[in-house]
Amino acid sequence: MLTSSFCVAEISAAQNDSTRYAIEVKYHQGIVVPHHTSMTYLINDYARGGEINLIRQRHKAGLWESYLNRPETGIGFWFSSFGRPDIYGEGFAIYPFINFRLFQLGKLNAKYKVALGLGYANKPFKVGENTYNTVFGSHLNAYVGFGLRLDYPLTERLALSGNFSLNHLSNGSARKPNNGINTATLALGATYDLVPYKEPEYKRARPEASKAREWIASVSAGR
């Protein structure tokens, strides 16, 4: 898998140096994963929310993206409820992300997303007011998101997407209590390209092997 990921993806037609820009909007719904017993009795609803993502995809040769099959990069905004608004409130996050390619079947594109950014919880633990919330000890948190997605273009500007994602919000125990929260959600969305865009066909080729020689020596001892 690593070998194929670092192959150079060259456009089979004439060299394309354009940069693609798009806006994506998604609605998601799923569950809060109750990784602590207390959460099992408190959660009484689904996790619901959405995302807004600004997408960039560069095709110029020689960029780092060309060695990773030209992934999408961008900035996103995420928000979600956590199954008990009066205790856990809602969460918000802003993050950079990368959508890596997995495979393509005709017009259908499979990708996986990696995101890491800054999160905000609007109702953290507070003595005497919100003592049941052992999930967030502070307003500021770290956000981590992973997802699998399928994209299908309807026109040269509009595409539909379906997603499964795992999201985590926590302050890393910088301030307790901090059990953190995890959601598993399904999402439907639409992507609008600012300029008409048609997915090019790619021809993969291995990068040229270096002919330089390198000698590595190591010494170790143990008991």
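Residue numbers for the sequence shown follow the working numbering, so the first one is 1132 and each next one is one higher.
Where a beta carbon is used, it is the ideal one built from N, C-alpha and C, also for glycine.
None of these values were measured; they are calculated from a predicted model.
When DSSP labels each residue in this structure, what does Leu1173 get in the three-state scheme? As a working mapping, residue 1173 is identified with position 42 in the sequence shown. Helix at Leu1173.
Around the Cβ of Arg1280, are there at least 16 other Cβ atoms within 10 angstroms (buried) or fewer (exposed)? Numbered from its first residue, the sequence shown carries residue 1280 at position 149. Arg1280 is buried by the Cβ-count criterion.
Straight-line gap, Lys1257 to Glu1196 (C-alpha atoms, nearest Å): Position 126 of the sequence shown, counting from 1, holds the residue named residue 1257. Position 65 of the sequence shown, counting from 1, holds the residue named residue 1196. The straight-line gap from Cα to Cα measures roughly 45 Å.
What ranges does the beta strand (DSSP E) occupy inside the region 1151–1213, keeping only unbroken runs of at least 3 residues that lie completely in it? 1178–1189, 1203–1212
Let me know the secondary structure DSSP gives Tyr1263 once reduced to three states. Numbered from its first residue, the sequence shown carries residue 1263 at position 132. The answer is coil: DSSP assigns Tyr1263 none of H, G, I, E or B.
Are Asn1309 and Asn1302 closer than 8 Å when you measure CB to CB? Numbered from 1 along the sequence shown, position 178 holds the residue referred to as residue 1309. Numbered from 1 along the sequence shown, position 171 holds the residue referred to as residue 1302. Yes; because the gap between Cβ atoms is below 8 Å, this pair is in contact.
Entirely enclosed alpha helix (DSSP H) segments - the region 1212–1280, minimum 4 residues: 1216–1219
Count the other CB atoms within 10 Å of the CB of Ser1349; is the residue buried (16 or more) or exposed (fewer)? Numbered from 1 along the sequence shown, position 218 holds the residue referred to as residue 1349. The residue in question, Ser1349, is exposed, as its Cβ has fewer than 16 Cβ neighbours within 10 Å.
Range covered by the beta strand (DSSP E) that runs through Tyr1328: Here residue 1328 is taken as the residue at index 197 of the sequence shown, counted from 1. Segment: none, Tyr1328 is in no beta strand (DSSP E) and carries neither H nor E.
Can at least three beta-carbon pairs, one atom from the region 1182–1190 and one from the region 1201–1214, be found at a separation below 8 Å? yes
Out of curiosity, what's the CA-to-CA distance linking Phe1234 and His1159? Reading the sequence shown from its first residue, position 103 is the one you call residue 1234. Reading the sequence shown from its first residue, position 28 is the one you call residue 1159. So the alpha carbons of these two residues sit roughly 23 Å apart.
In whole angstroms, give me the CA-to-CA distance for Ser1212 and Ile1154. Position 81 of the sequence shown, counting from 1, holds the residue named residue 1212. Position 23 of the sequence shown, counting from 1, holds the residue named residue 1154. If I take the Cα positions, the gap works out to 23 Å.
Check whether the region 1258–1265 and the region 1285–1300 are in contact - that is, three or more C-beta pairs closer than 8 Å. no
With distance defined between alpha-carbon atoms, name the residue in Thr1322, Lys1342, Thr1316 nearest to Ile1162. What you label residue 1162 is simply residue 31 of the sequence shown in a count that begins at 1. Closest by alpha carbon: Thr1316.
Cβ shell of Gly1278 (< 6 Å), same chain only, five flanking positions each side left out: Position 147 of the sequence shown holds residue 1278. Only Lys1244, Asn1294, Ser1296 meet the Cβ criterion.
Is any heavy atom in the ligand FMN found nearer than 7 Å to the beta carbon of His1190? Inclusion of the ligand FMN in the displayed structure is not the case, the ligand content being empty and no account of it being possible.
Three-state class that DSSP yields for Leu1285 in the structure shown: Reading the sequence shown from its first residue, position 154 is the one you call residue 1285. Three-state DSSP puts Leu1285 in coil, outside helix and strand.
Taking DSSP as the reference, what is the three-state secondary structure of Ser1292? Counting from one through the sequence shown, the residue named residue 1292 turns up at place 161. Strand.
Report yes if the CB atom of Phe1267 is closer than 8 Å to the CB atom of Ala1246, and no otherwise. As a position in the sequence shown, residue 1267 is number 136, starting the count at 1. As a position in the sequence shown, residue 1246 is number 115, starting the count at 1. No. Outside cutoff.
Cβ-Cβ separation, Gly1207 to Glu1182 (assumed contact under 8 Å), whole Å: Your numbering for residue 1182 matches position 51 in the sequence shown. Your numbering for residue 1207 matches position 76 in the sequence shown. About 6 Å separates the two Cβ atoms, so the contact holds.
Local Cβ density within 10 Å of Asp1324, reported as buried at 16 or more and exposed below that: The residue given as residue 1324 occupies position 193 in the sequence shown. Burial call: buried.
May I ask you to report which of helix, strand or coil DSSP gives Ala1305? Translated into the one-based positions of the sequence shown, residue 1305 becomes position 174. Correct three-state label for Ala1305: coil.
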